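J.: Take a look at this one; I'll ask things after.
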Amino acid sequence: MDAAEYAELFQAEAGEYMQVLNQCLLNLEKQPCDRENLLEAFRAVHSLKGMAGTMGYQQVTDIAHCLENFLEDLKAALFEPSAEVLDLVFQAVDYLQLSLANPEKSLPRDRKKVEQLLTRIRSFQSSLTAGQPKNRDQEEQLQSIVGETEREIIRQARDKGHSPYLIEVVLRRDTVMKSVRAYMVLRVLEELGEVVFTVPPQPDLEEERFEYGFQVGLILHGGNPEQVENMLLKIGDVEQVTVSPWEEAANFQQEPVSPQPETDTVETEEVPSKVAQAMRAVDKMVRVETQKLDELVNLVGEMVVTRTRIGEIGRGYSEDLDNTIDQLKRAITNLQDTAMKLRMVPIKQVFDRFPRMVRDLSRDSQKQIRFLISGENTELDRSIINQLSDPLVHLLRNAVDHGIESPDSRVAAGKDPVGSVILKAFHEGNQVVIIVEDDGAGIDPRKVTQRALERGLISEAERGRMIEEDASQLIFKSGFSTAEQITEISGRGVGMDVVKKSIEALHGTIEVQSKTGAMTRFILRLPLTLAIIKSLMVRSAGQIYAIPIELVRENVYLESSEIKTINGHLVVNMRNEVIPLYFLDELLGFDREKGKRDEYSVVIAEAGSKTTGLIVDELVGQQEIMIKSIGQYFQGLKGIAGATILGDGSVTLIIDVVGLFDNGRVYIEQNRISC
Amino acid sequence: MSKTVLVVDDTAFMRMTIKNIMEKNGYEVIAEGEDGLQAIELYKKHRPSLVTMDITMPNMDGITAIKEILAHDSTASIIVVSAMGQKSLVIDALNAGAKDFVVKPFQPDRIAEALQKING
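Sequence lines, in order, name chains A and B.
Mapping of the first sequence onto our numbering: position 462 corresponds to residue 503, and the numbering continues sequentially without gaps.
Mapping of the second sequence onto our numbering: position 11 corresponds to residue 1160, and the numbering continues sequentially without gaps.
In structure tokens, the structure reads:
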């Protein structure tokens, strides 16, 4: 890229940033306290400055730098911009625009004006920051932090003749280890009197959750405010200290000593505001890096596995040991529950963006839609939540685009012109169920089967056998959808098979129910967590495998006489339900051990609406296992979902039941051909 | 009285850097120590008006040295020189009686400012 190309790129990007900046400043005028807006403006100026610096555009860099400082102060909420300051800032932005138009030369006359302007902004800024470092946020926080206990302390102190002071400390911008500076300040103050509270609260100070300034409520035991100020200013990085008598505290009423009429007491007792309650709730929270949580869950997982192993080794050794192991087991189970809960977040995080999306979509497609969300507080593992968004977007899009009909056709069909789209989540056993439902036209089985036939996904004979329910499942077949909009529910090029795959990747299932002309309902079932699962351990072809328990319906022993053959497939008739049977070893690609057995161990597994019996050599038992990735090499291996390490250190593969079912189908096709 | 300083750090590079800054600020570097034990000896011998003390050092760490020096002379002025991320150690050092701290890598003017505050 040569210089000219760079310059061109610079201009294009700078233009975008200027647009953002202008927009943000306009917003700033209306809502000076909107932090997101400020942050965005700051980022824009900051990027602009960096770019201009790289290009060597001095004037642009200077103005941007000045604006950046200004915005940073606003961001730190050191002051609120007056209309006068904002005017200056707008002027600076105008000059920035001018300089950008001709960035390589800075006109001397302009330069002078710019410099004057910058100086004015700077002086304004410093006069403002020097004045009152408090801001609205802090003010609110202060109100919420000072509760009854603090008031009581202040009242008592006043009785003893001590005065309450509000001390505001501002640290240098480039302070390193702010928390230690805050600690030093508090240490000095504690020597001078009693620290009643801090804004933000002390845990936040310790965790450096403050910008540059903080406040301390102090009851001064001796000395005067000037001394306090001087002592604090001696602490490194302390730039500014204001000690003022805390006037508001003077208004605190003396608690009535003798019994008073009810009404009086009520007056003095303040009901904590909602904000205050929320603030206190926040105080009880600790922010933790997600990585640490993952580590914790991982370690707990290891403990669960080891616990199982200890139980195995120690069983029957002595009663004492058994009891101790039982205790350990309970403790670890509780620990595991707690660790898991730490990872849980309400599904709200994902759901919250949908109302806007559905609103926009319905407007675009000129449909009237009532969007109902429920169960947004249902909790789910964070890692699952993160991956749910895309599939749900797709399903909701389909519901709006292809499910709900236009108001006219709805009226013609005798329906309410306003369509409903429902999104709900709830717990069901060890799973979370999410339902996306619309009362639109449903999936037309004829269209779907026709389409599947055309694409060679089903045979003519199969089509004949298909009932409505089976037909709708065809939409999940890969190769079913294309960019062409053929069916009511496909379209957009992204197929339902992708949605299905992403849900299955989360060890979940998806199924669809539909009634032509009435509704379409997608039901997603997801495990609560991905980290530790209960598994059924089975032996097949000499190996132990784990099958996730939530997919196991039951275990049965079948006598060979109970197993029948239909069309060359093994099946069993259980309670009037014909269930296909497969040898697990065969599905996994091993040679089946020849020789007939009298009795077969069968795991009846269920995934979505499909039920299959897996014939194994032996049922070993139930165990909690931690899913470990098997690495990229084996990713996409059909029928294997992952691996786990057992208590004795051996590695076991986890069966991907859904994937196996696909294998089973392939196997049927092949068998049919060979027959 | 001339202002004297004892520079304690286990790396020669750091001692040199601090020495330069100190000299620019009108201090005379009266001695240099490589660990806490040396620091105590040198302090007793020279009685400098200021000590800059690294925290993590072989033989004896800076925090122990601070305690020992202050036990010997409660008026000693000690500034801790810490690396990034040693927050709790810095707090320990302050509790042990250090007057201030600077964080490596530092800007010369930060030290000058710290000196000013200490003397002021």
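Beta carbons are placed, not taken as given, at the ideal position from N, Cα and C, and that holds for glycine.
A quick note: this is a predicted structure, and the numbers were derived from the prediction, not measured.
Tell me the residue span of the beta strand (DSSP E) that contains A:Pro385.
T.: Sequence inspection shows Met at residue 385 of chain A; the Pro mentioned does not correspond to that position. Met385 to Pro387 is the span of the beta strand (DSSP E), which, as asked, contains A:Met385.
J.: Consult DSSP for B:Ser1247 and reduce its assignment to one of helix, strand or coil.
T.: Note that residue 1247 of chain B is Ala in the sequence shown, not Ser. Correct three-state label for B:Ala1247: coil.
J.: So A:Ser430 is in the beta strand (DSSP E); what residue range does that whole segment cover?
T.: Per DSSP, A:Ser430 belongs to no beta strand (DSSP E); it is in the alpha helix (DSSP H), Arg423 to Asn439.
J.: What number of angstroms, rounded off, separates the C-alpha of A:Ile484 from the C-alpha of A:Arg566?
T.: C-alpha separation (whole angstroms): 21 angstroms.
J.: What residues match up with A:Lys651 in a beta bridge as DSSP calls it?
T.: BP columns for A:Lys651 point to A:Ala648.
J.: Would you call the region 267-280 of chain A and the region 210-219 of chain A touching, i.e. three or more CB-CB distances under 8 angstroms?
T.: With the cut-off at 8 angstroms, the region 267-280 of chain A and the region 210-219 of chain A touch.
J.: Anything in the region 211-231 of chain A with a Cβ closer than 7 angstroms to a Cβ of chain B? List those residues in chain order, please.
T.: Those residues of the region 211-231 of chain A that come within reach of chain B (Cβ to Cβ, closer than 7 angstroms) are Val217, Met218, Ser220, Val221, Tyr224 and Met225.
J.: Is A:Leu127 helix, strand or coil by DSSP?
T.: Looking at A:Leu127 - three-state DSSP - the assignment turns out to be helix.
J.: Do the region 365-374 of chain A and the region 389-403 of chain A make contact, defined as three or more Cβ pairs closer than 8 angstroms?
T.: No: fewer than three Cβ pairs fall under 8 angstroms.
J.: If we ignore side chains and look at the alpha-carbon of each, how far apart do A:Ile686 and A:Val346 end up?
T.: Cα to Cα, A:Ile686 sits roughly 8 angstroms from A:Val346.
J.: Check whether chain B comes within 7 angstroms of A:Val307, counting only Cβ atoms and requiring the distance to be less than that.
T.: The predicted position of A:Val307 is uncertain, since its pLDDT is 34 and thus under 50; a value taken from the coordinates is nonetheless stated next. A:Val307 does not count as touching chain B.
J.: Since B:Ala1263 meets chain A, which of its residues come closer than 8 angstroms, beta carbon to beta carbon?
T.: What B:Ala1263 touches in chain A: Gly277.
J.: In the DSSP assignment, what residue or residues form a beta bridge with A:Lys556?
T.: Paired residue(s): A:Met560.
J.: Could you tell me which of A:Glu640, A:Glu70 and A:Asp632 sits nearest to A:Ser601, measuring between CA atoms?
T.: Taking only the C-alpha atoms, the option nearest A:Ser601 is A:Glu640.
J.: How big is the Cα-Cα spacing for A:Tyr358 and A:Thr652?
T.: If you take the alpha carbons of A:Tyr358 and A:Thr652, they lie about 42 angstroms apart.
J.: Would B:Val1239 count as contacting chain A if we go by Cβ distances under 7 angstroms?
T.: With 7 angstroms as the cut-off, B:Val1239 counts as an interface residue toward chain A.
J.: For the candidate residues A:Ile645, A:Gly630 and A:Asp422, whose alpha-carbon lies nearest to that of A:Leu678?
T.: Residue A:Gly630 is the option with its Cα nearest to A:Leu678.
J.: May I ask which residues mark the beginning and end of the alpha helix (DSSP H) holding A:Ser450?
T.: That run of the alpha helix (DSSP H) goes Pro448 to Ala453.
J.: Expressed to the nearest angstrom, what Euclidean distance is found between the alpha-carbon atoms of B:Asp1222 and A:Lys333?
T.: So the alpha carbons of these two residues sit roughly 44 angstroms apart.
J.: Tell me, which residues are paired with B:Met1194 by DSSP?
T.: The question names Met, but residue 1194 of chain B is Lys in the sequence shown. Its beta-bridge partners do not exist; DSSP assigns none.
J.: Any residues in the region 1198-1224 of chain B with a beta carbon nearer than 9 angstroms to a beta carbon of chain A? Which ones, in chain order?
T.: Taking 9 angstroms as the Cβ-Cβ cut-off against chain A, none of the residues of the region 1198-1224 of chain B qualify.
J.: When we look at the beta-carbon of A:Gly534 and count the other beta-carbons within 10 Å, is it buried (16 or more) or exposed?
T.: Residue confidence is low: A:Gly534 scores 43 on pLDDT, short of 50, so the model does not pin down where it sits. Its coordinate-derived value is still stated next. Answer is exposed; the Cβ neighbour count stays below 16.
J.: Does DSSP classify A:Lys488 as helix, strand or coil?
T.: Note: A:Lys488 maps to helix in three-state DSSP.
J.: Excluding the 5 residues preceding and the 5 following B:Tyr1192 in the sequence, name in chain order all residues of the same chain whose CB lies nearer than 8 angstroms to its CB.
T.: Around B:Tyr1192: Leu1155, Val1200, Ile1218, His1221, Asp1222 and Ala1225.
J.: Tell me whether A:Pro242 is buried or exposed, calling it buried when 16 or more other Cβ atoms sit within 10 Å of its Cβ.
T.: Flag for A:Pro242 reads buried.
J.: Is any heavy atom of the ligand SAH found at a distance shorter than 6 angstroms from the C-beta of A:Arg222?
T.: The ligand SAH is not among the ligands present in this structure, which contains no ligands whatsoever.
J.: Could you tell me whether any Cβ in chain A is nearer than 7 angstroms to the Cβ of B:Lys1266?
T.: By this cut-off, B:Lys1266 is an interface position.
J.: Going along the chain, which residues of its own chain have a beta-carbon closer than 7 angstroms to the beta-carbon of A:Gly56, five neighbours each way excluded?
T.: Taken in chain order, the list of residues that qualify is empty.
J.: Would you please state the rounded distance, in angstroms, between the beta carbons of A:Thr561 and A:Asp479? I believe it to be under 8 angstroms.
T.: Correct: roughly 6 angstroms between the Cβ atoms.
J.: For chain A, check one thing: does any of its Cβ atoms lie closer than 7 angstroms to the Cβ of B:Asp1159?
T.: Chain A contact via Cβ: absent.
J.: B:Pro1207 by DSSP, collapsed to three states: which one?
T.: Reduced to three states, the DSSP call for B:Pro1207 is coil.
J.: According to DSSP, which residues form a beta bridge with B:Asp1159?
T.: Answer is none; B:Asp1159 lacks a bridge partner.
J.: Could you name the residues of the same chain whose beta carbon sits closer than 6 angstroms to that of A:Val699, not counting the 5 residues immediately before and after it, in chain order?
T.: Excluding positions up to five away in sequence, the list reads Glu545 and Ala648.
J.: Where DSSP assigns a beta bridge to A:Val613, which residues make up the other side?
T.: DSSP lists A:Ile604 and A:Ile620 as partners of A:Val613.
J.: For a cutoff of 7 angstroms on Cβ pairs, would you count B:Asp1258 as touching chain A?
T.: It does not; no Cβ of chain A falls within 7 angstroms.
J.: Going along the chain, which residues of its own chain have a beta-carbon closer than 8 angstroms to the beta-carbon of A:Tyr440, five neighbours each way excluded?
T.: Position check: residue 440 of chain A holds Ala in this sequence, whereas Tyr was assumed. Excluding sequence neighbours, A:Ala440 sits near Val462, Val477, Glu478, Asp479, Gly481 and Thr561.
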